[in-house]
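First comes the structure, then the notes that go with it.
Protein chains: 2
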Amino acid sequence: MSDNEHAIERALRRSGVRLTRARRAVLDALLEAERHLTAAQVHALGRQSCPSLSLASVYRTLALLQSLGHVQLVHSDDDCQSYAVAPAGHSHQLICSACGWTYAFSECDLSPLVADMEARTGFRIVEHLLELRGLCPKCRE
Amino acid sequence: MSDNEHAIERALRRSGVRLTRARRAVLDALLEAERHLTAAQVHALGRQSCPSLSLASVYRTLALLQSLGHVQLVHSDDDCQSYAVAPAGHSHQLICSACGWTYAFSECDLSPLVADMEARTGFRIVEHLLELRGLCPKCRE
DNA sequence: GTAAGTGCAAACCTTTTGCAATCGG
DNA sequence: CCGATTGCAAAAGGTTTGCACTTAC
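Those sequence lines, one after another, are chains V and S. The first sequence stops at residue 230 when you use the numbering used here, and every number in between is there. The second sequence stops at residue 230 when you use the numbering used here, and every number in between is there.
As structure tokens, then:
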């Protein structure tokens, strides 16, 4: 994890983003939790390493990380208020419905499906959103 | 479209749901728009056929239709506040990024992808969320 | 006729914003 | 040191809820 952390921090530096205590706290919360978290949960966890952390900074940092592609929204049928770490570039999430564990992946060959839908609808498909849900190894027991 | 409308209305009756003026207005707005709509947009459109329609009823009806599987949330990177009609059972949306036109489909063979992810992560994958975005025939011009 | 559903207004929650104080490079 | 960032508190959305009235069946 700490490799991952450094990778993102390095990327942030490269983007000319200041690494403040608040931003590190938000990033660490997401990296250490290894699951999707709401802003409130990030706030609670982040305060452990940065007691003065405000909810406003959590939102500002989440928006920043999302705009730089380091964090993604996690969707569900009702609520879409959770965030999870994402690798650089196109990626998707594999989520444990039981414990929330969230794993990002990039491999997703939808070409046959996309080609079929394009042929049948006349659409030009440009992007896709994909999320897989199930039970992680621990929760299967 | 009016076939579709009847199908959903019949399904509602079968579920023992009362077909009120407000509910019909919400359903018609979504069916006629053929695109994803926010609650506020449904409200505005719905008032054309039911002037007294309140936003509260729009929310209540959307929740009802969603719980019965006739309506789905449409997700995007930032906002997830739009709704669209969905066919009975498992389905996904194909969305035009330009005009919002939304088309629901059910065919999605992700078995190879799912099998691969299960093998590599130990997860037992139970469900998935998929959305395709691009340009519809009209907007491609 | 009666229970389910509606409209209204108030309550709620989450997210955003203005601003003076603080901090990172 | 200087501008970017923060915390706070207030504002702004969007959504939900309590309640008396209305409506579908």
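We put the CB at the ideal spot given by N, CA and C, even for glycine. Because the structure is a prediction, the values reported are computed rather than measured.
Where S:HIS179 falls, given that 16 or more other Cβ within 10 Å makes a residue buried:
Looking at its Cβ environment, which holds fewer than 16 other Cβ atoms inside 10 Å, S:HIS179 is exposed.
By the three-class DSSP mapping on this structure, what secondary structure does V:ARG222 have?
Secondary structure at V:ARG222: strand, using DSSP grouped into helix, strand and coil.
Counting only C-beta atoms, is V:HIS217 closer than 8 Å to chain S at any point?
V:HIS217 has a beta carbon lying within less than 8 Å of a beta carbon in chain S.
Whole-angstrom distance between S:HIS125 and S:SER165, CA atom to CA atom:
Our two residues, S:SER165 and S:HIS125, have alpha carbons roughly 12 Å apart in a direct line.
How do the region 121 to 136 of chain V and the region 98 to 109 of chain V stand: do at least 3 beta-carbon pairs fall below 8 Å, yes or no?
They do not touch, by the three-pair rule.
With respect to 7 Å, is the separation between the Cβ of S:ALA128 and the closest non-hydrogen atom of the ligand SAM below this value?
The model depicted lacks the ligand SAM and carries no ligand whatsoever.
What residue range is occupied by the uninterrupted beta strand (DSSP E) comprising V:SER138?
No beta strand (DSSP E) contains V:SER138, which is instead part of the alpha helix (DSSP H) from 128 to 138.
Can you name the residues of chain S whose CB is closer than 9 Å to the CB of V:SER186?
Chain S residues near V:SER186: VAL215 and GLU216.
In whole angstroms, give me the CA-to-CA distance for V:LYS227 and V:SER195.
V:LYS227 and V:SER195: Cα-Cα distance of roughly 23 Å.
Measure the CB-CB distance between S:VAL215 and V:SER186 and report whether it falls below 8 Å.
Going by C-beta atoms, S:VAL215 is nearer than 8 Å to V:SER186.
Rank V:LEU224, V:GLU207 and V:PHE212 by C-alpha distance to the C-alpha of V:TYR192 and give the top, closest one.
Nearest option by C-alpha distance: V:LEU224.
Tell me which same chain residues have a C-beta within less than 6 Å of the C-beta of S:MET219, skipping the five on either side of it?
For the record, residue 219 of chain S in the displayed sequence is Leu; it is not Met. For S:LEU219, same chain residues with a beta-carbon under 6 Å away, outside a window of 5 residues either side, are HIS181 and CYS197 in chain order.
CB contact flag (S:LEU162, V:HIS217, <8 Å):
Their beta carbons are not under 8 Å apart, which means S:LEU162 does not touch V:HIS217 by this criterion.
Compute the Euclidean distance between the alpha carbons of S:CYS169 and S:PRO201, then round it to the nearest angstrom.
The straight-line gap separating the alpha-carbon atoms of S:CYS169 and S:PRO201 is approximately 29 Å.
Which parts of the region 189 to 223 of chain S are runs of the beta strand (DSSP E), unbroken and 3 residues or longer, counting only runs that do not cross its ends?
Runs found: 191 to 194.
Counting only beta-carbon separations shorter than 8 Å, does V:CYS139 have a partner in chain S?
For V:CYS139, the answer is no, since every Cβ of chain S falls outside 8 Å of its Cβ.
Residues of chain V with a CB under 9 Å from the CB of S:ARG229: which are they?
Those within 9 Å of S:ARG229 in chain V are GLY211, PHE212 and ARG213.
Beta-carbon proximity list for S:ALA100, same chain, < 8 Å, skipping 5 on both sides:
Here the set comprises LEU157, HIS159 and ALA177.
Is there a Cβ from chain V that is less than 8 Å from the Cβ of S:HIS179?
No, S:HIS179 does not count as interfacial toward chain V.
Coil, strand or helix - V:ALA173 by DSSP
DSSP places V:ALA173 in strand when its eight states are reduced to three.
Report the three-state DSSP secondary structure of V:VAL163 (helix, strand or coil).
Collapsing the DSSP output to three states places V:VAL163 in a strand.
Supposed close pair S:MET206, V:LEU183 - CB separation, criterion 8 Å:
Yes, they are in contact, since the Cβ atoms of S:MET206 and V:LEU183 sit about 6 Å apart, within 8 Å.
Around the C-beta of V:ALA111, are 16 or more other C-beta atoms found within 10 angstroms, so that it is buried, or is it exposed?
When all chains shown are included, V:ALA111 counts as buried.
Going by DSSP, name the residue or residues bridged to V:ILE184.
Bridge partners of V:ILE184: V:THR191 and V:ARG222.
Against chain V, which members of the region 105 to 130 of chain S pass a CB distance test of less than 7 Å?
The region 105 to 130 of chain S vs chain V, Cβ under 7 Å: nothing.
Kindly indicate which three-state DSSP category S:ARG107 falls into: helix, strand or coil?
Judged by DSSP in its simplified three-state form, S:ARG107 adopts coil rather than helix or strand.
V:LEU134 versus V:ALA122: straight-line alpha-carbon distance, rounded
Rounded to whole angstroms, the separation of the alpha carbons of V:ALA122 and V:LEU134 is 9 Å.
Tell me the DSSP bridge mates of V:ARG124?
The partner list for V:ARG124 (beta bridge, DSSP) reads V:TRP190.
Give the range of the alpha helix (DSSP H) segment to which V:LEU157 is assigned.
First-last for V:LEU157: undefined, no H or E at that position.
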